[in-house]
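Q:
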Amino acid sequence: MTRVHFDCCRLTFALAAPERLSPRESLKRALATSPTDSVIETILQSIPYSGFPGAVEAFGWLRSEVPEEASESRPSNDRDVFQEVYGGATDKVLGELSRRHMDLEMWIREFAYRSVMGTSPWQTVDLEFLAVSSLLAQARMTPFHSHLRGALRCGATAEELSSLLDDLQDVAQPQALATARDLLVTESRGD
């Protein structure tokens, strides 16, 4: 039904909002239902949204759960994930980031989109499921909206995204969840 197992989406949600959902319990649940390499990728992909501290902690827990799992360096990748996510709005988004702070555009594009997402073996749509989950956890609805559009642009269906929101309804802030549902309806209609 969905491309990324929802337990991985719950893990990235927990890393973004540990006060709403236990990251350690979410990690155990993800390991029980997803391949270890998918859990590792989920933790790595959480870094641009939730930061290094949660990832460092999660990798410590992972090593206690799966000590023999070897880490491999990530390959170089030439794909332009930023362009895939933002499409025709790329220049507008880059301009807005630069307007907010002159280094912000470079840091986000080079680190988040090139170093982290651009080296992922996953399709961009899979990365967008994680982004939507993390941003919903933080109730950051402006970037949530951008990544919701990105998920749809990259091939997610409204039904898949609605199912994801249903899966997160027990832990999401009610107002953020209501806004997310409204945005999904609007974007699904093409308004």
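Here the sequence shown stands for residues 79 to 269, where the numbers follow this note's numbering.
Every residue, glycine too, gets a C-beta built ideally from N, C-alpha and C.
Let's see if you can read the secondary structure: which residues bound the alpha helix (DSSP H) around Met282?
A: Past the boundaries of the shown model lies residue 282; the chain is included only from 79 to 269, so the question cannot be answered.
Q: Starting from Ser116, trace the alpha helix (DSSP H) both ways and give me its first and last residue.
A: Position 38 of the sequence shown, counted from the start, is the residue given in the question as residue 116. Run containing Ser116: 114-128, per the alpha helix (DSSP H) assignment.
Q: Starting from Arg92, follow the alpha helix (DSSP H) in both directions and report where the run begins and ends.
A: Residue 92 sits at position 14 when you count from the first residue of the sequence shown. The displayed chain sequence assigns Ala, not Arg, to residue 92. Element bounds for Ala92: 84-94.
Q: Helix, strand or coil for Arg107 per DSSP?
A: Taking the sequence shown and counting its residues from 1, the one referred to as residue 107 is at position 29. Arg107 falls in the helix class under three-state DSSP.
Q: Three Cβ pairs or more, each shorter than 8 Å: is that satisfied between the region 213-228 and the region 84-97?
A: yes
Q: In three-state terms, what does DSSP make of Arg157?
A: The sequence position of residue 157 within the sequence shown is 79, counting from 1. In the structure shown, Arg157 sits in coil (DSSP, three-state: anything other than H, G, I, E or B).
Q: Any contact of the region 252-267 with the region 228-244, i.e. 3+ C-beta pairs under 8 Å?
A: yes
Q: In chain order, what are the residue ranges of uninterrupted alpha helix (DSSP H) at least 4 long that sit wholly in the region 162-191?
A: Restricted to the region 162-191, the alpha helix (DSSP H) segments that are unbroken, complete and at least 4 residues in length are 168-178, 182-185, listed in chain order.
Q: Quick one: residues in its chain with C-beta nearer than 6 Å to the C-beta of Arg107, no 5 flanking neighbours on either side, listed in chain order?
A: Along the sequence shown, read from residue 1 onward, the residue named residue 107 stands at position 29. Asp85.
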